[in-house]
Amino acid sequence: MAKLMQLEVITPDKSLLVRQDVSYVLAETVIGGVGILANHAPLIATLTEGPLKYQDETGALHFVYVEGGFMEVGNNKVTILSVDAEDAADIDVEKNQHRVEAAQKKLANLEPTTDIVAAAKRLRCAKARLKTVERAQARR
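The structure is reproduced here in structure tokens:
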């Protein structure tokens, strides 16, 4: 049996999205994907928008969209602090496809008042949500 550690995913508005014993966590950081197993060395990392993958104690895989933030690892506990997080099963694919199209359109037709940084972030977040759903569906 795999050794376990505790995973917590915390957001300002949903407070605690996940609190579960897991055998591993895979998170997307600013320097690439980072896999965490029990007894991992202490670590603090900056996360990007993207899927967070974890395996629970029964061996089931789970995917959660994380909108950036920070990950702290230590004492067999992984804590994710994120602006927003959403379980893959709760992500509205059609809504996010429309968000991608709208953001791409806005970036293609720039006006002097266009907030390019905000539009690019909306595009990244919508694409990352869709990527989370795709990865969750691919595991089946």
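Numbered according to our numbering, the sequence shown spans residues -13 to 126.
Glycine is no exception: its CB is placed at the ideal position from the N, C-alpha and C atoms.
Query	Result
What residues match up with residue 68 in a beta bridge as DSSP calls it?	Partner(s): none; residue 68 has no beta bridge.
So which of -2, 26, 56 has the shortest CA-CA distance to residue 9?	26
With a CB to CB cut of under 7 angstroms and the five nearest residues on each side skipped, what residues in its chain are close to residue 113?	86
Can the beta-carbon of residue -4 be found less than 8 angstroms from the beta-carbon of residue 66?	yes
With a threshold of 16 other CB atoms inside 10 Å of the CB of residue 16, please say whether the residue is buried or exposed.	exposed
Ends of the alpha helix (DSSP H) at residue 102?	102 to 124
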